[in-house]
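Peer 1:
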Amino acid sequence: MRMRQIIHSELGFHHCLPRWVPQYLCVLCVLIGFQSLGQTFSFRWDNSAKILTNNVPIPNPWAGGLNSAQFSKMHLNDDGIEDLVIFDRGNQQVSTFLAVRQPNGVTWQYAPQYAAKFPPNLLYWMLLVDYDRDGRKDLFTSTVAGIRVFRNVPAADGFSWTLVADPLLTQGFSGNINLYVPSTDLPAITDVDDDGDIDILTFDFSGSSVELHQNLSKEQKSTQAFVFRKMTTNWGRFAATSACDKYELNLEPADTQVQTPEPALTNAMTLSEALSGPSSNAKIQHAGNTLWVGDVDGDGRKDVLHGHVACDNVTLLKNVGGNGMATLIGSVQSNFPAQRPINYPIFPSAYVEDLDGDGARDLVASPSSTDIASNSLINLRRSNWFYRNEGTDAKPNFVYRQADFLQEGMIDLGENSAPALADIDGDGDLDLLIGYGGTRTQTGYRASLQFYRNTGTPAQAQFELVTDDFLNLSQRLLSKENLLPINTKPFFADLNGDGTLDLGFWTNTFKGMDIRWVPNRAPRGAAMQLDTTRLTKLPNPTSFSNGENLLYHDIDQDGKLDVLVSKNSGNVEYHRNTGSNAAPVYELKTDVFGGLDVDFNKRSQGMVAADLNGDRKPELILGDLLGRVRVYPNFTTPDAVLKSDTNLIFNVFSGKTEFLRIGAGLFPAVGDLDGDQLPELLIGSNTGGIKYLKNTSLKVNPPIENLELVVYPNPTSNFLYAQVPVTGQLELISIHGQILKSQPVTQLTADASFDVSRLPMGLYLVRFIASDGTKATRKVIVAR
Numbered sequence: 001m002r003m004r005q006i007i008h009s010e011l012g013f014h015h016c017l018p019r020w021v022p023q024y025l026c027v028l029c030v031l032i033g034f035q036s037l038g039q040t041f042s043f044r045w046d047n048s049a050k051i052l053t054n055n056v057p058i059p060n061p062w063a064g065g066l067n068s069a070q071f072s073k074m075h076l077n078d079d080g081i082e083d084l085v086i087f088d089r090g091n092q093q094v095s096t097f098l099a100v101r102q103p104n105g106v107t108w109q110y111a112p113q114y115a116a117k118f119p120p121n122l123l124y125w126m127l128l129v130d131y132d133r134d135g136r137k138d139l140f141t142s143t144v145a146g147i148r149v150f151r152n153v154p155a156a157d158g159f160s161w162t163l164v165a166d167p168l169l170t171q172g173f174s175g176n177i178n179l180y181v182p183s184t185d186l187p188a189i190t191d192v193d194d195d196g197d198i199d200i201l202t203f204d205f206s207g208s209s210v211e212l213h214q215n216l217s218k219e220q221k222s223t224q225a226f227v228f229r230k231m232t233t234n235w236g237r238f239a240a241t242s243a244c245d246k247y248e249l250n251l252e253p254a255d256t257q258v259q260t261p262e263p264a265l266t267n268a269m270t271l272s273e274a275l276s277g278p279s280s281n282a283k284i285q286h287a288g289n290t291l292w293v294g295d296v297d298g299d300g301r302k303d304v305l306h307g308h309v310a311c312d313n314v315t316l317l318k319n320v321g322g323n324g325m326a327t328l329i330g331s332v333q334s335n336f337p338a339q340r341p342i343n344y345p346i347f348p349s350a351y352v353e354d355l356d357g358d359g360a361r362d363l364v365a366s367p368s369s370t371d372i373a374s375n376s377l378i379n380l381r382r383s384n385w386f387y388r389n390e391g392t393d394a395k396p397n398f399v400y401r402q403a404d405f406l407q408e409g410m411i412d413l414g415e416n417s418a419p420a421l422a423d424i425d426g427d428g429d430l431d432l433l434i435g436y437g438g439t440r441t442q443t444g445y446r447a448s449l450q451f452y453r454n455t456g457t458p459a460q461a462q463f464e465l466v467t468d469d470f471l472n473l474s475q476r477l478l479s480k481e482n483l484l485p486i487n488t489k490p491f492f493a494d495l496n497g498d499g500t501l502d503l504g505f506w507t508n509t510f511k512g513m514d515i516r517w518v519p520n521r522a523p524r525g526a527a528m529q530l531d532t533t534r535l536t537k538l539p540n541p542t543s544f545s546n547g548e549n550l551l552y553h554d555i556d557q558d559g560k561l562d563v564l565v566s567k568n569s570g571n572v573e574y575h576r577n578t579g580s581n582a583a584p585v586y587e588l589k590t591d592v593f594g595g596l597d598v599d600f601n602k603r604s605q606g607m608v609a610a611d612l613n614g615d616r617k618p619e620l621i622l623g624d625l626l627g628r629v630r631v632y633p634n635f636t637t638p639d640a641v642l643k644s645d646t647n648l649i650f651n652v653f654s655g656k657t658e659f660l661r662i663g664a665g666l667f668p669a670v671g672d673l674d675g676d677q678l679p680e681l682l683i684g685s686n687t688g689g690i691k692y693l694k695n696t697s698l699k700v701n702p703p704i705e706n707l708e709l710v711v712y713p714n715p716t717s718n719f720l721y722a723q724v725p726v727t728g729q730l731e732l733i734s735i736h737g738q739i740l741k742s743q744p745v746t747q748l749t750a751d752a753s754f755d756v757s758r759l760p761m762g763l764y765l766v767r768f769i770a771s772d773g774t775k776a777t778r779k780v781i782v783a784r
């Protein structure tokens, strides 16, 4: 039975119904599914909000960024053309892209829903290889000291995975053992001896020479797909040395008759001791190798592309012998390709896949480090070097084309993106600021804020890039106090109690963590007038360590901003403001706010607060270092032990919301970007991009009598703001009953405001008359 087509709709999600079913029925089914499940909060992937750069929309703005990408291809849907699957070693996350046919090849369309179909908790590396020759790519990935294998099997919605080996075994020189691959390495999984089954090449314990694990299933006519035997520990008869451009060639063959037994893991040895292996003849002495094996020059012999953790180059090792055990590496080209060779400051890795859809496999390179935070020398905005194959698949000619393959089509600020939403230009919609980890400049490595203006409509946001350095922030910090900001994270809050949102941010500097704010001199509803001459420090509520995060919010609802601090140990501190907004004094009330105690799986959580379902009660949204999002309802209830809702993201294949991992180092922002009065989630991560989740939660409409009219600041001297629950009429009345000002409220997307700067000091009333006649009144004081 043919697989059902996965159809992409303009609504931003996919379904698994046949082509003849109208799409509106799919939408209805999804909504009914939410209601039947009783799901309080739910979100779905959405790519409909455009991002414009130089007035041109970029194709995959919300793909989330890429740092240490590993490239493979497989069929995600049944359109007959292979799609692209990327595993990022930097955040241990799968990203999926559908191939879209074009007259001269393909383009790639980000399709995040397919990532949910991959096995959870993939670590370090992932390659897709069809080991059983059934036309479906299977999945090879890391496990403890070895390889884990999942078979790709047909399913009603396309494909699923069945675990077939964990770990993969091989017959070594001392019996059956796990086929050892260090977590730092990337093996070559290919048919080395041209007999129709896949073999595996991997560096040995010393990181010096390559082992061949030959698959003998064809030779033995076995019904098993994997019958591996370690045939040699110096396949190709070469050895790497401590120099990145030096190799020992034409070594004596090493086979089963001359090898020493593998190190065995015993109770007397630690795992690290066992994995380090013998080092008496080691040339490099440590792991950290990547391999690609295939014919590079069209002579029918399988060559090697080798990258090492301590090197900045990819080396071509030319095969002058045969294939399989007859392989002989006879020459070394230390800088490959010859024209514009691959060059990263640390650990490059090469992949060969047809990435432009012309039938000839291309070359792409990416850094292979797991610790991207330490790689400040790498430009992680341009870390996917693409070389188009302008020859044939049998005889390639790799020509450099770009350093930012796929990255140029998405928001990718390198690392540690932190979004914030606010109406900066005063046009009534939400603009986007993004803090980021930092970029190397001539004067040092530092970060700033990227600004996108919302040029869309109330029903559909559209963002246009304005600047990479909002307010010239990086230079101002550098020139004022010689600070070099790294990992800048913005937020908006009324930090001086004047009723308008100000800009705040915290950042790492070489002098330690720094919290700053820029006052907004404009009234609410007008374009922000951010006074950068008043760029001043905010009081630090606690000992604030690198990587920890803040949330300014009125927790106890006394009109003053308190602070939550998510700690590196996973607990959340609550610091109550016992002073004022203009002059805060913080008092630690608890270091386990809401019962959120030490939990290293939840460390360094990004935090934001918003009413997600329209019940006028704020929720606390947390995104942790390991890539999970949690929502805590009613988090301002005093002394409550918070319970999280974790099944938040709708999986179109299972038909329900699930607890899906979506990256690492998550930092959320909230704002209504489509005019439905439910805020969306924009989530930054350690890979420098943003992911967009549309809020599809069931909207709660509390009875009007239970809703409150909120008026602030009180007292006030210039502007008075009102938050109203429903549409109606808002009035400002003197103490004698005279209506001084009146305005209709036709939408709830922004606070209503009155200019009271010319009114005499004294007591006034704000009255709201809802459309059904219900009234609410609040007293306010105008003072000077």
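Each residue of the sequence shown is one higher than the one before, counting from 1 in the UniProt record's numbering.
Each residue gets a CB set at the ideal place from its N, CA and C atoms; glycine is no exception.
For the beta strand (DSSP E) that contains Lys137, what are its first and last residues?
Peer 2: As a working mapping, residue 137 is identified with position 137 in the sequence shown. Neither: Lys137 is in no beta strand (DSSP E) and is coded neither H nor E.
Peer 1: Can you name, in chain order, every residue of its own chain whose Cβ lies under 7 Å from the Cβ of Ser36, other than the five neighbours on each side?
Peer 2: The residue labelled residue 36 in the question sits at position 36 within the sequence shown. Interpretation of Ser36 is limited by its pLDDT of 38, a score under 50 that renders its predicted location unreliable; no figure is taken from the coordinates.
Peer 1: On the three-state DSSP scale, how would you describe Pro345?
Peer 2: What you label residue 345 is simply residue 345 of the sequence shown in a count that begins at 1. Coil, per DSSP.
Peer 1: When you compare only the Cα positions, how much space is there between Ser206 and Glu219?
Peer 2: Translated into positions along the sequence shown, residue 206 becomes position 206. Translated into positions along the sequence shown, residue 219 becomes position 219. Distance between the alpha carbons of Ser206 and Glu219 is about 30 Å.
Peer 1: In chain order, what are the residue ranges of uninterrupted beta strand (DSSP E) at least 3 long that sit wholly in the stretch 368–405?
Peer 2: Qualifying beta strand (DSSP E) stretches, in chain order: 385–389 and 398–402.
Peer 1: Assuming Leu477 and Leu483 form a contact by the criterion Cβ under 8 Å, report the distance between their Cβ atoms to the nearest whole angstrom.
Peer 2: One-based indexing of the sequence shown puts residue 477 at position 477. One-based indexing of the sequence shown puts residue 483 at position 483. Between Leu483 and Leu477 the Cβ distance is about 4 Å, and since that is below 8 Å, they are a contact.
Peer 1: Taking the alpha-carbon positions, what's the Asp194 to Gly324 distance?
Peer 2: Numbered from its first residue, the sequence shown carries residue 194 at position 194. Numbered from its first residue, the sequence shown carries residue 324 at position 324. Approximately 8 Å, taken between the alpha carbons.
Peer 1: Measuring straight from C-alpha to C-alpha, what distance separates His553 and Pro638?
Peer 2: Taking the sequence shown and counting its residues from 1, the one referred to as residue 553 is at position 553. Taking the sequence shown and counting its residues from 1, the one referred to as residue 638 is at position 638. So the alpha carbons of these two residues sit roughly 14 Å apart.
Peer 1: Applying the criterion that 16 or more other CB atoms from any shown protein chain within 10 Å of the CB defines a buried residue, is Ser742 buried or exposed?
Peer 2: Start at 1 with the first residue of the sequence shown, and residue 742 comes out as number 742. Exposed, because fewer than 16 other Cβ atoms sit within 10 Å of the Cβ of Ser742.
Peer 1: Once you ignore the five residues that flank Phe593 on each side, which residues in its own chain have a CB closer than 7 Å to its CB?
Peer 2: Locating residue 593 in the sequence shown gives position 593, counting from the first residue. Counting only Cβ-Cβ distances below 7 Å, and skipping sequence neighbours, we find Leu564, Val572, Glu573 and Tyr574.
Peer 1: Pull up the distance between the alpha-carbon of Ala640 and that of Tyr632, whole angstroms please.
Peer 2: In the sequence shown, residue 640 corresponds to position 640, counting from 1. In the sequence shown, residue 632 corresponds to position 632, counting from 1. Rounded to whole angstroms, Ala640 to Tyr632 spans 11 Å at the Cα level.
Peer 1: Three or more C-beta pairs closer than 8 Å, one from the stretch 47–54 and one from the stretch 356–367: is that the case here?
Peer 2: Contact fails: fewer than three Cβ-Cβ distances are below 8 Å.
Peer 1: Can you list, in chain order, the residues of its chain whose CB lies under 8 Å from that of Pro57, leaving out five sequence neighbours each side?
Peer 2: By 1-based counting over the sequence shown, the position of residue 57 is 57. Excluding positions up to five away in sequence, the list reads Lys50 and Ile51.
Peer 1: If Ala722 sits next to Ala770, beta carbons under 8 Å apart, how far is it from one beta carbon to the other, in whole angstroms?
Peer 2: Taking the first residue of the sequence shown as position 1, residue 722 is located at position 722. Taking the first residue of the sequence shown as position 1, residue 770 is located at position 770. No, Ala722 and Ala770 are not in contact; Cβ-Cβ is about 13 Å, not under 8 Å.
Peer 1: Which residues bound the beta strand (DSSP E) around Asn176?
Peer 2: By 1-based counting over the sequence shown, the position of residue 176 is 176. Counting along the chain, the beta strand (DSSP E) containing Asn176 begins and ends at Gly175 to Asn178.
Peer 1: Rounded to whole angstroms, what's the CA-CA distance from Thr170 to Asn176? Just pull it up for me.
Peer 2: Locating residue 170 in the sequence shown gives position 170, counting from the first residue. Locating residue 176 in the sequence shown gives position 176, counting from the first residue. The straight-line gap from Cα to Cα measures roughly 6 Å.
Peer 1: If you reduce the DSSP assignment to three classes, tell me which class Lys117 lands in.
Peer 2: By 1-based counting over the sequence shown, the position of residue 117 is 117. Helix, per DSSP.
Peer 1: Leu720 and Val745: beta carbons closer than 8 Å?
Peer 2: Mapped onto the sequence shown, residue 720 falls at position 720. Mapped onto the sequence shown, residue 745 falls at position 745. It is not a contact, given that the beta carbons lie outside the stated cut-off.
Peer 1: For Gln224, does the three-state DSSP call read helix, strand or coil?
Peer 2: Taking the sequence shown and counting its residues from 1, one reaches residue 224 at position 224. The answer is coil: DSSP assigns Gln224 none of H, G, I, E or B.
Peer 1: Which residue's Cα is closest to the Cα of Thr327: Thr536, Ile683 and Val192?
Peer 2: If you number the sequence shown from 1, residue 327 lands on position 327. The shortest Cα separation from Thr327 among Thr536, Ile683 and Val192 belongs to Val192.
Peer 1: What residue from Arg148, Gly627 and Gly172 has the CA that sits closest to Thr162's CA?
Peer 2: Residue numbering aside, residue 162 sits at position 162 when the sequence shown is read from its first letter. The shortest C-alpha separation from Thr162 is found at Arg148.
Peer 1: Using the DSSP secondary-structure output, state which residues sit across from Asn319 in a beta bridge.
Peer 2: Here residue 319 corresponds to residue number 319 of the sequence shown, with the count starting at 1. Answer is Ile329, bridged to Asn319.
Peer 1: For Ile424, which option in Phe754, Lys395 and Ala493 has the closest C-alpha, if you only look at C-alpha atoms?
Peer 2: By one-based count along the sequence shown, residue 424 stands at place 424. Comparing Cα positions, the closest option is Ala493.
Peer 1: Please report how far the alpha carbon of Met1 lies from the alpha carbon of Gly359, in whole angstroms.
Peer 2: The residue given as residue 1 occupies position 1 in the sequence shown. The residue given as residue 359 occupies position 359 in the sequence shown. The pLDDT assigned to Met1 is 37, lower than 50, so where the model puts this residue is not dependable; a value taken from the coordinates is nonetheless given after this. Taking the straight line from one Cα to the other gives about 28 Å.
Peer 1: What are the uninterrupted segments assigned as beta strand (DSSP E) that are 3 or more residues long and contained completely in the stretch 421–473, given in chain order?
Peer 2: With a minimum length of 3 residues, the continuous beta strand (DSSP E) runs that stay inside the stretch 421–473 are 431–435, 439–441, 444–446, 449–454 and 462–467.
Peer 1: So does the stretch 428–447 actually touch the stretch 412–420, counting three or more Cβ pairs closer than 8 Å?
Peer 2: Yes, the stretch 428–447 is in contact with the stretch 412–420.
Peer 1: Throw me the rounded Cβ distance for the Leu642 and Gly595 pair, which I believe falls under 8 Å.
Peer 2: Stepping through the sequence shown from its first residue, residue 642 is reached at position 642. Stepping through the sequence shown from its first residue, residue 595 is reached at position 595. Leu642 to Gly595, Cβ: 6 Å. Contact.
Peer 1: What residue ranges within the stretch 659–736 form continuous beta strand (DSSP E) runs of no fewer than 3 residues, ordered along the chain?
Peer 2: Entirely contained in the stretch 659–736, the beta strand (DSSP E) runs reaching 3 residues are, in chain order, 667–671, 680–684, 690–695, 710–712, 719–723 and 728–734.
Peer 1: Look at the alpha carbon of Ile739 and the alpha carbon of Leu759, and state the distance between them as a whole number of angstroms.
Peer 2: Indexing the sequence shown from 1 puts residue 739 at position 739. Indexing the sequence shown from 1 puts residue 759 at position 759. Looking at the two C-alpha atoms, the distance is approximately 13 Å.
Peer 1: Should Ile649 be labelled buried (16 or more other beta-carbon atoms within 10 Å of its own) or exposed?
Peer 2: Numbered from 1 along the sequence shown, position 649 holds the residue referred to as residue 649. Per the 10 Å Cβ criterion, buried.
Peer 1: Take Pro112 and list the residues in its own chain whose beta-carbon comes closer than 6 Å to its own, dropping the five residues that flank it on each side.
Peer 2: Sequence index remark: in the sequence shown, residue 112 carries index 112 (1-based). Closer than 6 Å at Cβ, skipping near neighbours: Trp45.
Peer 1: What did DSSP end up calling Gly773 once you bin it into helix, strand or coil?
Peer 2: Residue 773 sits at position 773 when you count from the first residue of the sequence shown. Residue state, collapsed to three classes: coil.
Peer 1: On the three-state DSSP scale, how would you describe Thr500?
Peer 2: For the purposes of this step, residue 500 is identified with residue 500 of the sequence shown, where counting begins at 1. In this structure, Thr500 counts as coil in the three-state DSSP scheme.
Peer 1: With distance defined between alpha-carbon atoms, name the residue in Gly105, Ala394 and Pro341 nearest to Gly298.
Peer 2: Against the sequence shown, residue 298 aligns to sequence position 298. Comparing Cα positions, the closest option is Ala394.
Peer 1: Spatial neighbours of Thr509 within its chain, please: C-beta separation below 8 Å, excluding the five flanking residues on both sides.
Peer 2: The residue you call residue 509 lines up with position 509 of the sequence shown. Once the five neighbours on either side are set aside, the close Cβ partners of Thr509 are Leu477, Leu483, Leu484, Pro485 and Ile486.
Peer 1: Distance check for Gln729 and Gly773, CA to CA, integer angstroms please.
Peer 2: For the purposes of this step, residue 773 is taken as the residue at position 773 of the sequence shown. For the purposes of this step, residue 729 is taken as the residue at position 729 of the sequence shown. C-alpha separation (whole angstroms): 10 Å.
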